[in-house]
Each structure stands twice: as C-alpha cells, then as structure tokens.
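Enquirer: Can you read through this structure? Questions will come right after.
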Amino acid sequence: MNLAEIGNGLREARLSAGLSQAEIASMAGVSRATLNALENGRGDISSLTLLKVADLLSISLSLTPQNPTVRSRAASAIEMAAASASVSYALVLPGKQLAAALLTGTIDHQWMPHIAHFVDEQSSQMIIRVVRDVAASANVEPKKVWRNARKLADEVESANPRWKKTA
Numbered sequence: 001m002n003l004a005e006i007g008n009g010l011r012e013a014r015l016s017a018g019l020s021q022a023e024i025a026s027m028a029g030v031s032r033a034t035l036n037a038l039e040n041g042r043g044d045i046s047s048l049t050l051l052k053v054a055d056l057l058s059i060s061l062s063l064t065p066q067n068p069t070v071r072s073r074a075a076s077a078i079e080m081a082a083a084s085a086s087v088s089y090a091l092v093l094p095g096k097q098l099a100a101a102l103l104t105g106t107i108d109h110q111w112m113p114h115i116a117h118f119v120d121e122q123s124s125q126m127i128i129r130v131v132r133d134v135a136a137s138a139n140v141e142p143k144k145v146w147r148n149a150r151k152l153a154d155e156v157e158s159a160n161p162r163w164k165k166t167a
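All letters in the sequence shown, in the order written, are residues 1 to 167 by UniProt numbering.
Have a look at this one:
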C-alpha cells in the first residue's frame with residue numbers, strides 16, 4: 001500500500017462522514033494543507049499525523065473499518081454517547097432521543113444538559129462515529145446530521161472550538 005492509496009481511503013472516509021478538509025484538520029490538530037497533501041499522496045507526512053487522522057476517522061492503517069457492520073456500530077456508538085452524556089444526570093438520555101435530536105436539530109428541554117455534555121465533552125472521534133452512524137441508520141447525508149449537530153451546539157451555547165465555523 002502506498003501513500004496515494006492511503007490518502008484516497010482517508011478522503012473517502014472523510015467524505016462519508018460528511019466533513020470538509022478544514023473540519024477534519026481542525027479536529028486532528030493539523031493544517032488543512034497537510035491534510036490535503038495526505039489525501040493526495042504528496043508531501044512528507046509524519047506517521048503521527050497519519051495516525052491522528054486515521055484514528056479520528058476510525059480507519060485502520062489497512063483501511064479496513066474497525067467495526068464490521070453499520071447496524072451494530074450504529075447502536076453501540078449512539079448508545080455509548082447517550083450513556084456518556086447522562087453520567088451526571090438522574091435522567092438517562094435514550095440513544096433514540098440523541099439520534100432524533102441529530103436528525104431534526106431539535107431537542108426537548110429536559111435533555112438540554114445532556115446535549116450540552118454531548119457537544120462539549122464527547123471526543124471528536126466519537127462524535128464523528130455517532131454522526132456517521134445516525135446518518136447511515138436513517139439513510140440521510142452526514143452533512144445534514146452535522147448541520148443539526150452544529151445547530152444543537154449553538155442552542156446550548158457550546159464554547160468547544162470544534163463547533164466554530166471553518167473556511
């Protein structure tokens with residue numbers, strides 16, 4: 001496998017997650033130019049940079065998805081994120097409710113603290129998995145789910161820089 005093949009695989013994973021180069025670069029802590037070079041098989045990319053981007057997109061270096069089925073991954077990623085968002089609260093956010101919020105961009109007032117925790121405290125990798133899995137399970141474009149996630153982040157006034165507009 002060469003750098004061009006790896007770059008193509010990473011580009012496909014990024015696009016399937018509905019993210020721009022600028023968004024992934026920001027989440028991975030690398031420049032957009034570096035990510036562009038990586039996706040195009042150019043430049044002298046460090047293994048650390050490659051690992052950061054691949055890990056963020058849940059891609060193994062052999063370009064095999066780390067989780068074999070969308071359905072089982074969808075349930076587990078969404079449920080794990082919902083459970084994590086519920087740790088500090090008496091009410092437990094159901095995974096279906098989190099998925100519905102990401103599909104509609106709206107959430108019942110009782111779940112606002114949970115959504116705030118989700119958008120502020122979840123790892124970028126987990127959010128990418130959840131968005132990808134919600135989109136796949138509902139058969140919608142990931143960009144729609146990202147748009148709704150950003151809307152929810154705005155609604156709870158998230159200060160997390162991952163929700164800032166990128167170029």
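Cβ coordinates follow ideal geometry from the N, Cα and C atoms, glycine included.
Remember, predicted model here, so these are calculated numbers, not experimental data.
Note down the Cα distance separating Glu12 from His114, rounded to an integer number of angstroms.
Expert: 31 Å
Enquirer: Using a 10 Å radius around the Cβ and a threshold of 16 neighbouring Cβ atoms, would you call Pro161 buried or exposed?
Expert: exposed
Enquirer: Scan the UniProt domain "HTH cro/C1-type" (10 to 64) and note each continuous alpha helix (DSSP H) run of 4 residues or more that stays entirely inside, going in chain order.
Expert: 21 to 28, 32 to 39 and 47 to 56
Enquirer: Count the other CB atoms within 10 Å of the CB of Arg42; is the residue buried (16 or more) or exposed (fewer)?
Expert: exposed
Enquirer: With C-beta atoms as the reference, is Met126 less than 8 Å away from Val156?
Expert: no
Enquirer: Cβ of Ile145 within 8 Å of Cβ of Leu102?
Expert: Correcting the residue type first, residue 145 is Val in the shown sequence and not Ile. For Val145 and Leu102, yes; Cβs fall inside 8 Å.
Enquirer: In the DSSP assignment, find the alpha helix (DSSP H) that holds Gln97 and state where it starts and stops.
Expert: Run containing Gln97: Gly95 to Thr104, per the alpha helix (DSSP H) assignment.
Enquirer: For Asn148, count neighbouring Cβ atoms within 10 angstroms of its own Cβ and tell me buried if that reaches 16, exposed if not.
Expert: buried
Enquirer: Nearest to Ala135 by CA position, among Arg14, Gly9, Leu10 and Gly18, is which residue?
Expert: Closest by C-alpha distance to Ala135, out of Arg14, Gly9, Leu10 and Gly18, is Gly18.
Enquirer: According to DSSP, is Ile107 part of a helix, a strand, or is it coil?
Expert: coil
Enquirer: Quick one: Cα of Ser86 to Cα of Ser124, how far?
Expert: As the crow flies, the alpha-carbon of Ser86 is around 18 Å from that of Ser124.
Enquirer: Taking buried to mean at least 16 other C-beta atoms within 10 Å of its own C-beta, is Gly9 buried or exposed?
Expert: Buried: at least 16 other Cβ atoms inside 10 Å.
Enquirer: Considering Cα atoms alone, identify which of Ser26, Ser46 and Lys143 is closest to Thr104.
Expert: Lys143
Enquirer: Is DSSP giving Leu91 helix, strand or coil here?
Expert: The three-state reading of DSSP puts Leu91 in coil, since its state is none of H, G, I, E or B.
Enquirer: Taking C-beta to C-beta, are Leu35 and Ala25 nearer than 8 Å?
Expert: yes
Enquirer: What residues in its chain sit with their C-beta under 8 Å from that of Glu39, if we drop five residues either side in the sequence?
Expert: Excluding five sequence positions before and after Glu39, the CB atoms of its chain that fall closer than 8 Å to its own CB belong to Gly7, Asn8, Leu10, Arg11, Arg14 and Gln21, given in chain order.
Enquirer: Starting from the Cα of Ile128, find the closest Cα among Leu56, Ser46 and Ala28 and give me that residue.
Expert: Closest by alpha carbon: Leu56.
Enquirer: Among Ser47, Leu152 and Val53, which residue has its Cα nearest to the Cα of Lys116?
Expert: Per the sequence presented here, residue 116 reads as Ala, with Lys not at that position. Of the listed residues, the one whose Cα sits closest to Ala116 is Leu152.
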